[in-house]
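Participant: Numbering (the numbering used here), first residue to last: 1294 to 1486.
This is the structure I have questions about; it appears just below.
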Amino acid sequence: MAPITPEVLWAQRSSNAEADKNLIYLTVNVIDVMSPDVKLTASGMSYKGTSANGNEYAVDLEFFDEIDVDNSRTIVTGRHTFFILRKKEAKEEYWPRLVKDKRKVPYIRTDFSMWVDEDEQETAAGDDFGGYGGGMDFSSLQSQLGSAMGGLGGDAGAGPSSFGLNEDSDDGEEDEDELPELVDEAKEEESKE
1294 MAPITPEVLW AQRSSNAEAD KNLIYLTVNV IDVMSPDVKL TASGMSYKGT SANGNEYAVD
1354 LEFFDEIDVD NSRTIVTGRH TFFILRKKEA KEEYWPRLVK DKRKVPYIRT DFSMWVDEDE
1414 QETAAGDDFG GYGGGMDFSS LQSQLGSAMG GLGGDAGAGP SSFGLNEDSD DGEEDEDELP
1474 ELVDEAKEEE SKE
């Protein structure tokens, strides 16, 4: 059976003055592939992995332009593999696409949660994952992933209590975080009559 081609999301930043701001954010969406075989070269990437349920995934990309492999990072989680790739050449202009091929590639999509328009990147909030140039700050990444999840609070692996959901409480008191009962106004009016 042929491997499944996973969804690839991407966004970018560019700066002709600051090399640390010439980045490609790339996400390979796969579930339960904890030890993928990833090969990064200046001109592309090869990804292969097998999930816990036995599905095989593979994708090869030839980048639009070269990246600096030594200053790029990879983060593997249970839901995806995330790359922060530094563009080799510092330019103000964005790459027009992720890959050399001009044809539309159906499994490559824009990551709108990370995307900033070219003319707005200088005023964009945040500092591209807290000091990427000096090394990845994983606590900053974790907080940004948490806010990308809609500000649910806590960290990405938080339990129910971190989200205001309470397990059985034995104290007999009503919990502040519980929602009040909904009142059916029509039934309330009928009972008054």
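The C-beta atom is built at its ideal place from N, Cα and C for all residues, glycine as well.
(1) For V1352 and P1299, which I take to be in contact (beta-carbon distance under 8 angstroms), what is that distance rounded to the nearest angstrom?
(2) Determine, using beta carbons only, whether R1379 and L1316 come nearer to each other than 7 angstroms.
(3) Does the Cβ-Cβ distance between G1342 and P1329 come in under 7 angstroms?
(4) In angstroms, rounded to a whole number, what distance separates the CA positions of S1339 and Q1305?
(5) Taking 7 angstroms as the cut-off, decide whether the C-beta atoms of K1381 and E1411 are in contact.
(6) Where N1309 and R1372 are concerned, what is the direct C-alpha to C-alpha distance, given to the nearest angstrom?
(7) Please state the DSSP three-state secondary structure of K1314.
(8) Buried or exposed: K1397, going by 16 or more other Cβ atoms within 10 Å of its Cβ?
(9) Nearest CA to the CA of P1389: which residue from S1307, M1294 and A1295?
(10) E1386 by DSSP, collapsed to three states: which one?
(11) According to DSSP, what are the bridge partners of A1304?
(12) So if DSSP puts E1349 in a beta bridge, which residue, or which two residues, is it bridged to?
(13) Look up E1355 in the DSSP assignment and say whether it is helix, strand or coil.
Facilitator: Answer, in terms of the structure:
(1) Contact flag correct, Cβ pair sits at about 6 angstroms.
(2) With contacts defined by Cβ atoms closer than 7 angstroms, R1379 and L1316 form a contacting pair.
(3) If you check the CB distance, G1342 and P1329 come in under 7 angstroms.
(4) Rounded to the nearest whole angstrom, the C-alpha separation of S1339 and Q1305 is 19 angstroms.
(5) A distance of 7 angstroms or more separates the beta carbons of K1381 and E1411.
(6) Taking the straight line joining both Cα atoms gives about 33 angstroms.
(7) Helix.
(8) The C-beta of K1397 has fewer than 16 other C-beta atoms within 10 Å across all chains shown, which makes the residue exposed.
(9) Comparing Cα-Cα distances from P1389 to each of S1307, M1294 and A1295, the minimum goes to S1307.
(10) For E1386, the three-state secondary structure derived from DSSP is coil.
(11) DSSP lists Y1318 as partners of A1304.
(12) Per DSSP, T1343.
(13) Of the three classes helix, strand and coil, the one that applies to E1355 here is strand, per DSSP.
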